[in-house]
Amino acid sequence: MSIIFLYTFVLLFVTSNSQKYDDENILNDQPFYHPEITSTKPKIIRIGIQSNVTLTCSDDGSSYGGHSKWQFKPCSFDMKGTLCEQFYDNAYQLGSRDRWIKIHPRNSSLYRYSYDLDITNVSRTYSGLYRCIVNNRIQRVYEVIVSELINDKDKMSKIVINPKNITIPTNTELVIRCSVNNPSSIMWFKETDANGYDIMYDGHYYNSGVYVCVGVNEDSIKTEVNVVTVIGYNWEHHTSFSLFFLIPLAFALVPITVWLCYFRKKRKDYDRQRMKLMLNARTNPSSRV
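FYI, in mature numbering (1 follows the signal peptide of the UniProt record, and there is no 0) the residues of the sequence shown are -18 to -1, 1 to 271.
Listed below in C-alpha cells is the structure:
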C-alpha cells in the first residue's frame, strides 16, 4: 500500500513540474519561435519631432515567449553624424564589437508577453537603430529617422540662385549665390564633357556652362540650375582648342632658329674674310702677279 502511495506521489510531482516547464516554454519548440532573418537591411521608420512611435518584435504582433530586450545604436541618416548604414550587417550579430545601449520597454512590467517598445516625444537624439532580442536571438531591427520637417510641403527646401542665367564678358568676376530656407547641405556641380575639366576662376569662355546647386536634408533633395555664358571679343569656341596644334610647331622652331643663327654667323664670317682680302689687295698693289 505504501509503495502505491509513493508511486502516486512521485507521478503527481513529475507531472506538475512538467506542466510548469511547458507553461514557461510553451513556444520554445514551435517552428515560428525563431524566424529566419532573410535581409540585413532594417525596417526604416520616419517620424517627426515630438511624435510617438511603437516598435514591435513581429510583423503580426504575436509573442514568441520569454522576455524581450531592446537595444539602441545612435547613428544618423544624413552626413551630420555616423551613418547607420555602417552598422547594418553587425546589427544582426550579438557578438559584434559595436556597442549598443540597453533600453527597457515601458510596458514590460505590465504584461509578461509584451514585445512593444513605446517611444514618446522623440527628438533628433532618438535617431538610430533599434533591435529586439528574445532568448539571445535578434528578432527585428529598425532604423528610426527623426526629422524636423515631415510631410509639410510649405516647409520643404526651397533653393534660390542669384543671379540666374547670366551672360558676362571675359575677365569679369562673378559670384553665384545659392540659398535655402532651412538647414541643408549645399553642393555644387558643373556639367562637363566626356573627359571633364577643372573650373578656372578667371572669367574665360571655358567657364561657360550649366551650374547646378543641390540642397539636401532629411526630407528632400532640391536642385536649381543656373546657366552661365562668358563671351569675349572675337572669341570663338574652336579657337581655344586649335591653339593646341601650335605646340608642335613651337618645338620645331627651336632647331630651325639655331640653324638660321649658325648660317647667318657663317655668312658674316665669310663676308668679313672677303672684305679683308680686298682691303689687303688695295693697300699692297705690288703683291699682284
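Ideal Cβ placement from N, Cα and C applies to all residues, glycine included.
With respect to the beta strand (DSSP E) encompassing residue i, which residues constitute its N-terminal and C-terminal limits?
| i | result |
| --- | --- |
| residue 354 | The question about residue 354 has no answer, for the chain in this structure spans -18 to 271. |
| Val126 | Arg119 to Ser129 |
| Phe59 | Counting along the chain, Phe59 falls outside any beta strand (DSSP E), and DSSP gives it neither H nor E. |
| Pro172 | At residue 172 the sequence reads Lys, which differs from the Pro that was named. Run containing Lys172: Ser167 to Lys172, per the beta strand (DSSP E) assignment. |
| Arg28 | Lys25 to Gly30 |
| Asn84 | Reading the sequence as shown, one finds Lys at residue 84 and not Asn. Note, Lys84: beta strand (DSSP E), Ile83 to Ile85. |
| Leu99 | Leu99 to Ile101 |
| Leu156 | No beta strand (DSSP E) holds Leu156; DSSP gives it neither H nor E. |
| Thr38 | Here Thr38 belongs to no beta strand (DSSP E), and DSSP marks it neither H nor E. |
| Arg142 | First, the residue type needs correcting, since residue 142 is Val and not Arg in the sequence shown. Looking at the DSSP string, the run of the beta strand (DSSP E) that includes Val142 is Ile141 to Asn144. |
Mark residue i as exposed unless 16 or more other C-beta atoms lie within 10 angstroms of its C-beta, in which case mark it buried.
| i | result |
| --- | --- |
| Gly77 | exposed |
| Ser109 | buried |
| Ile101 | buried |
| Gln75 | exposed |
| Met257 | exposed |
| Leu235 | exposed |
| Ile85 | exposed |
| Ala73 | buried |
| Lys146 | exposed |
| Gln53 | buried |
| His220 | In this predicted model, His220 has a pLDDT of only 48, less than 50, meaning its place in the structure is not dependable; the value taken from the coordinates is given anyway. Burial call: exposed. |
| Asn103 | exposed |
| Val207 | exposed |
| Arg246 | exposed |
| Asn189 | buried |
| Leu242 | exposed |
| Glu173 | exposed |
| Ser105 | exposed |
| Ile121 | A small fix is needed here, since residue 121 is Gln in this sequence, not Ile. So Gln121 ends up on the buried side. |
| Phe69 | buried |
| Phe171 | exposed |
| Phe59 | buried |
| Val212 | buried |
| Ile113 | Per the sequence presented here, residue 113 reads as Arg, with Ile not at that position. With 16 or more Cβ atoms within 10 Å of its Cβ, Arg113 is classed as buried. |
| Val128 | buried |
| Leu65 | exposed |
| Leu231 | exposed |
Which residues does DSSP pair with residue i in a beta bridge?
| i | result |
| --- | --- |
| Tyr70 | Bridge partners of Tyr70: none, in fact. |
| Val116 | Ser50 and Arg119 |
| Val209 | Val192 |
| Thr149 | Thr211 |
| Leu76 | Leu76 pairs with nothing; no bridge assigned. |
Report, in whole angstroms, the separation of the C-beta atoms of residue i and residue j, which I expect to be a contact under 8 Å.
| i | j | result |
| --- | --- | --- |
| residue 302 | Gly197 | A question about residue 302 goes unanswered here, because the residues of the chain that appear run from -18 up to 271. |
| Tyr193 | Ile158 | 6 Å |
| Lys55 | Leu111 | 4 Å |
| Val126 | Ile29 | 7 Å |
| Ile115 | Ser50 | 7 Å |
| Ile27 | Val35 | 6 Å |
| Val209 | Leu156 | With a Cβ gap of about 12 Å, Val209 and Leu156 do not count as contacting. |
Kindly indicate the opening and closing residues of the alpha helix (DSSP H) around residue i.
| i | result |
| --- | --- |
| Cys243 | Leu228 to Thr265 |
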